[in-house]
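Going by numbering that gives the first Met the number 0, the first residue of the sequence shown is number 0, and it counts up by one from there. Think of the CB as a built atom: it goes at the ideal place given N, C-alpha and C, for glycine as much as any other residue. Everything below concerns the one structure shown next.
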Amino acid sequence: MAVAVAAFTVIADEAPAGNPLAGEPGAVAAGEALFSSMNCDGCHGGGGSGWVGPSLADGRWRFGGDADALFHSIANGRPHGMPAYGELLPENSIWQLVSYLQQLRAPFGVPTRHWP
Ligand code: HEC
0 MAVAVAAFTV IADEAPAGNP LAGEPGAVAA GEALFSSMNC DGCHGGGGSG WVGPSLADGR
60 WRFGGDADAL FHSIANGRPH GMPAYGELLP ENSIWQLVSY LQQLRAPFGV PTRHWP
């Protein structure tokens, strides 16, 4: 629980103004639930740690890690295998997913953490 509280504090302090749910209580938890129920974790791994889809937790982004870029990735998809969810999820749910992704941190010792 301490981890969740700490993560939430990071969101409140650092989330770009682009996410209308920045700092909103429950947004991260709702996004985490969606990440599992929408099967994001089936491709991106538990906690977004990477599987057949790229890691979403290592701080490296192909298409940008700010709120608007993340929203775009989820809503419109990306060319090499990322499905578009804009017709499946209301905007509010996509922002919840953005809130969740923005507070993910790679655990220490993950080898990809230091890749260029
Ligand atoms: C069928 C497998 C699959 C599913 C399901 C999937 N993704 Fe992806 N996702 C990918 C792949 C593959 C890429 C890389 C696309 C590329 O490089 O063009 C990607 C890219 C992304 C990116 C951009 C990453 C970057 O580095 O910029 C985000 C954000 C993302 N996915 C979030 C999600 C979320 C949130 C969900 C659930 C709503 C989801 N994905 C579901 C396969 C998937």
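- Under DSSP, Arg59 takes part in no beta bridge, so it has no partner.
- With contacts defined as CB atoms closer than 9 angstroms, Phe62 and Gly47 fail to qualify as a contacting pair.
- Distance from Ala66 to Gln101 at the Cβ level is roughly 7 angstroms; contact confirmed, criterion being Cβ atoms closer than 8 angstroms.
- As DSSP reads the structure, Arg77 sits in a beta bridge with Met81.
- A residue is called buried when at least 16 other Cβ atoms come within 10 angstroms of its Cβ; Glu31 meets this threshold and is buried.
- The continuous alpha helix (DSSP H) containing Trp94 extends over residues 90-101.
- For the 9 angstroms CB-CB criterion, Leu20 and Ala26 form a contact.
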